[in-house]
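**Student:** Would you mind keeping the following structure in view while I ask a few things?
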Amino acid sequence: MPRAFFARPVLEVAHDLLGCVVCAGPVSVRLTEVEAYQGLDDPASHAFRGPTPRTQVMFGPPGFLYVYFTYGMHWCANLVCGPNGTASAVLLRAGEVIAGHEVARQRRPAARVDRDLARGPARLAGVLGLTGTDSGADLCVRGGPLSVMAGSTVDSAAVRNGPRVGIRVATERPWRFWLDGEPTVSTFRPGVLRKRTNAQTGRSKLK
DNA sequence: AGGACGATTAACT
DNA sequence: GTTAATCGTCCTC
Numbered sequence: 003m004p005r006a007f008f009a010r011p012v013l014e015v016a017h018d019l020l021g022c023v024v025c026a027g028p029v030s031v032r033l034t035e036v037e038a039y040q041g042l043d044d045p046a047s048h049a050f051r052g053p054t055p056r057t058q059v060m061f062g063p064p065g066f067l068y069v070y071f072t073y074g075m076h077w078c079a080n081l082v083c084g085p086n087g088t089a090s091a092v093l094l095r096a097g098e099v100i101a102g103h104e105v106a107r108q109r110r111p112a113a114r115v116d117r118d119l120a121r122g123p124a125r126l127a128g129v130l131g132l133t134g135t136d137s138g139a140d141l142c143v144r145g146g147p148l149s150v151m152a153g154s155t156v157d158s159a160a161v162r163n164g165p166r167v168g169i170r171v172a173t174e175r176p177w178r179f180w181l182d183g184e185p186t187v188s189t190f191r192p193g194v195l196r197k198r199t200n201a202q203t204g205r206s207k208l209k
């Protein structure tokens, strides 16, 4: 896709990414579920507290890949969107593998059925073979680790949206988008609430 | 320098 | 339905 596709408001891009096809080597995935993160205006975004070495790519121009490591074992992939500097991105949450099944199964041996190959953000990044070394890659040049292409037309009436999965803040923002009835869409799960500790509140010691 | 937590998954009961 | 795995990142002191 041209950079102008990613340069639009992130909610618009998230909606339009459904049905698009992402390709990494021989593996192609048709996107069925994504989430929008609106940078500095979104407490749930990694970019909310300003740029860090990890999130620097989000603060650059749209059309680049942001890959992060989480839970000590998983990679997740985002596409940087919106006007330059807004630090917005779309998390690729799930999709249907439509080509390269053999390589996809090698990359994700734990998947028991093909439906599970790219069901969930870490599985999707895994099936695409993306890791931290791919973060910062340009999506709009040939030969990169990931390319995004238009898929078959999606009926806008099939697009649903609702709260994002697994987050503890900004839970009221309905910025998760998915295709109704797709078996690869992950089930909703609220963020796990944990008790705040003294160290986190910064109030452990008396003043 | 120390510690809490995570845009999750797989393997359990 | 529950929970362990596992470590980079970032906040706090």
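Here the working numbering runs 2 ahead of the position in the first sequence, where the first position is 1.
Note that the Cβ used here is the ideal one computed from N, Cα and C, for glycine as well.
1. With DSSP run on the structure shown, which of helix, strand or coil describes Met151?
2. Could you spell out where the beta strand (DSSP E) holding Val161 opens and where it closes?
3. For Ser30, which beta-bridge partners are listed by DSSP?
4. Roughly how many angstroms lie between the CA atoms of Ser137 and Ala106, to the nearest whole one?
5. Asn86: buried (16+ other C-beta within 10 angstroms of its C-beta) or exposed?
6. Can you tell me whether Arg117 is helix, strand or coil according to DSSP?
7. Considering only C-alpha positions, which residue in the set Leu94, Gly183, Pro11, Leu93 is nearest to Ala159?
8. Would you kindly report the start and end of the unbroken alpha helix (DSSP H) that includes Phe7?
9. From what residue to what residue does the alpha helix (DSSP H) around Ala172 run?
10. Whole-angstrom Cβ separation of Phe190 and His17, contact assumed at under 8 Å?
**Tutor:** According to the structure shown:
1. Reduced to three states, the DSSP call for Met151 is strand.
2. Per DSSP, Val161 belongs to the beta strand (DSSP E) from 161–164.
3. Beta-bridge partners of Ser30 (DSSP): Cys25, Ala101.
4. If you draw a straight line from the Cα of Ser137 to the Cα of Ala106, it comes to about 20 Å.
5. That one is exposed.
6. Reduced to three states, the DSSP call for Arg117 is helix.
7. It is Gly183 whose Cα lies nearest to the Cα of Ala159.
8. Its alpha helix (DSSP H) spans residues 5–8.
9. From DSSP, Ala172 is part of no alpha helix (DSSP H); its letter is neither H nor E.
10. Not really, about 18 Å apart at Cβ, beyond 8 Å.
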